[in-house]
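In our numbering, the protein residues as written are 985 to 1172. This report refers to the structure that appears directly beneath it.
Next comes the structure, spelled out in structure tokens:
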């Protein structure tokens, strides 16, 4: 989002804490958007390569896929298949140079967690503005209204943010050095 000079007649002037929190959300969103296609690509490639079948534990579950090809359905994998899948995901992650806080973590889940933490921190800053204080509990609103509240807050605060806030990825995507292309990272 481009930085604008806030109008002196603006109905809402965010605090510095609210501006920094909004910038953190913008950076976390940018990080998640950068990591998501990389991780989902290698996850799908691994699942496609192995053609894992769902564990027998799920046999009585309606709508069960014949083959697990969607990373969002990896919970259907049995322990042995899950071990293979996770080992290959970690190898692909490392070959791409994606940084995680622990060797057994997924970069996409970490990015998503950081975004959610940043959004919660933004909502928490609303207590600084009495008329917006109820938004501090917006995560508890039903039917996607929490996401709508965050989008509305970002829309109201982003004109006060630094111009590069959404382009500043506060979290390292890759370790120093040149990461390998995705295809070569997945070669056996």
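Backbone N, C-alpha and C fix where the C-beta goes; we use that ideal spot for every residue, glycine too.
- Going by DSSP, residue 1119 is part of no alpha helix (DSSP H) at all; its letter is neither H nor E.
- The continuous alpha helix (DSSP H) containing residue 1020 extends over residues 1000–1034.
- Excluding its 5 nearest sequence neighbours in each direction, residue 998 has C-beta neighbours in its own chain below 6 Å: 1141, 1144, listed in chain order.
- Taking each of 1075, 1020, 1064 in turn and checking the Cα distance to residue 1041, the smallest one comes out for 1064.
- In the structure shown, residue 1147 adopts coil according to DSSP, grouped into three states.
- Within a 10 Å sphere around the beta-carbon of residue 1017 sit fewer than 16 other beta-carbons, which makes this residue exposed.
- Under the 8 Å Cβ criterion, the segment 1097–1109 counts as touching the segment 1004–1019, having at least three qualifying pairs.
- In this structure, the straight-line span from the alpha carbon of residue 1071 to that of residue 1046 is close to 29 Å.
- Contact check for residue 1089 against residue 1068 fails: the beta carbons are separated by 8 Å or more.
- Residue 1093 sits exposed, since fewer than 16 C-beta atoms from the chains shown fall within 10 Å of its C-beta.
- The three-state secondary structure of residue 1128, taken from DSSP, is coil.
- Distances from the alpha-carbon of residue 1019 to those of 1110, 1115, 1082 put 1082 closest.
- The DSSP-derived three-state label of residue 1104 is helix.
- Within the same chain, Cβ atoms closer than 8 Å to the Cβ of residue 1030 are found at 1069, 1072, 1073, 1076, 1170, the five residues on either side in sequence being excluded.
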